[in-house]
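Peer 1:
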Amino acid sequence: MRRPKIARRYAKAFFDFSEELNKTEDIMNDIHLIDSVFSENRELKTVICSPVVRVDKKTAIMSEIFKTKINEITLRYLTLILKKGREYHIDLICQEYEKLYKESKNIVTLYIESAKPLERQPVEFIRQKIKSYLEKEIEIVECINPRLIGGIQLHFNDYLLDASIQGAVDKLRKRLVDKSYEINF
């Protein structure tokens, strides 16, 4: 089975369970903590994903790290993942859980890329426009990309709105290179 499919199934099962217990908010905080710990500590991820290390050692490590920081339910879920041999998928399971959480709360993440940091007023204007278009809550993530030269790019769901100078240059380059106007003999 493919990695994203496995992660989606495990995340969906855990999300459904957390909804039944009315603990989606608490577990979402736990998921953020787990994801950040694994992304910041490559050595931990290497040890947990290693086939040489026994499951009981992995469980003890995870318990020691997270025992006082996360809910008992989340810790038991991590133990289940380890027992099933799915520790390699923990990062994707966290991402999929977050997607499910945002879907349930009607939240869309809007990525704004710009060459320089934007002021609050244009960002708020963009948020309101996208919010009225999608009729959902908007979470904004701003990224600085000097390669854009100027302008902005907006990414949300599967959409890309490119209003950057680099995008305009790329479109112009493509039109100039296109040789569909030449007559082929």
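Heads up, the sequence shown is in our numbering, so the first residue is 733 and it goes up one at a time. Just so you know, even glycine gets a beta-carbon here, dropped at the ideal spot from N, CA and C.
Out of Ile-884, Arg-879, Glu-772, which has the shortest C-alpha to C-alpha gap to Ser-846?
Peer 2: Out of Ile-884, Arg-879, Glu-772, Ile-884 has the C-alpha closest to the C-alpha of Ser-846.
Peer 1: When the Cβ atoms of the segment 833-850 are set against those of the segment 881-897, are three or more pairs found closer than 8 Å?
Peer 2: In short, these stretches touch, since the Cβ pair count reaches three.
Peer 1: For a quick check, are the C-beta atoms of Ile-839 and Glu-871 less than 8 Å apart?
Peer 2: Contact: yes.
Peer 1: Quick check on Asp-762: buried or exposed, where buried means 16 or more other Cβ atoms within 10 Å of its Cβ?
Peer 2: Per the 10 Å Cβ criterion, buried.
Peer 1: Compute the Euclidean distance between the alpha carbons of Pro-740 and Asn-803, then round it to the nearest angstrom.
Peer 2: Per the sequence shown, residue 740 should be read as Arg rather than Pro. Taking the straight line from one Cα to the other gives about 21 Å.
Peer 1: Which first and last residues belong to the alpha helix (DSSP H) in which Ser-782 is found?
Peer 2: Here Ser-782 belongs to no alpha helix (DSSP H), and DSSP marks it neither H nor E.
Peer 1: Can you find at least 3 beta carbon pairs, one from the segment 852-859 and one from the segment 779-790, that sit closer than 8 Å?
Peer 2: Touching, no, given that fewer than three Cβ pairs across the two stretches are closer than 8 Å.
Peer 1: Under a three-way DSSP split, which group does Ala-847 fall into?
Peer 2: If DSSP states are grouped into helix, strand and coil, Ala-847 belongs with coil.
Peer 1: Please classify Asp-896 as buried or exposed, where buried requires at least 16 neighbouring CB atoms within 10 angstroms.
Peer 2: Note that residue 896 is Ser in the sequence shown here, rather than Asp. Per the 10 Å Cβ criterion, buried.
Peer 1: Flag this pair as yes or no: are the beta carbons of Ile-766 and Cys-826 separated by less than 8 Å?
Peer 2: In contact: Ile-766 and Cys-826 (Cβ atoms closer than 8 Å).
Peer 1: Skipping 5 residues on each side, what residues in its chain have a beta carbon closer than 6 Å to that of Pro-878?
Peer 2: Excluding sequence neighbours, Pro-878 sits near Ala-847.
Peer 1: What does the Cβ neighbour count give for Leu-880, buried or exposed, with the cut at 16 atoms within 10 Å?
Peer 2: Buried, since its Cβ has 16 or more Cβ neighbours within 10 Å.
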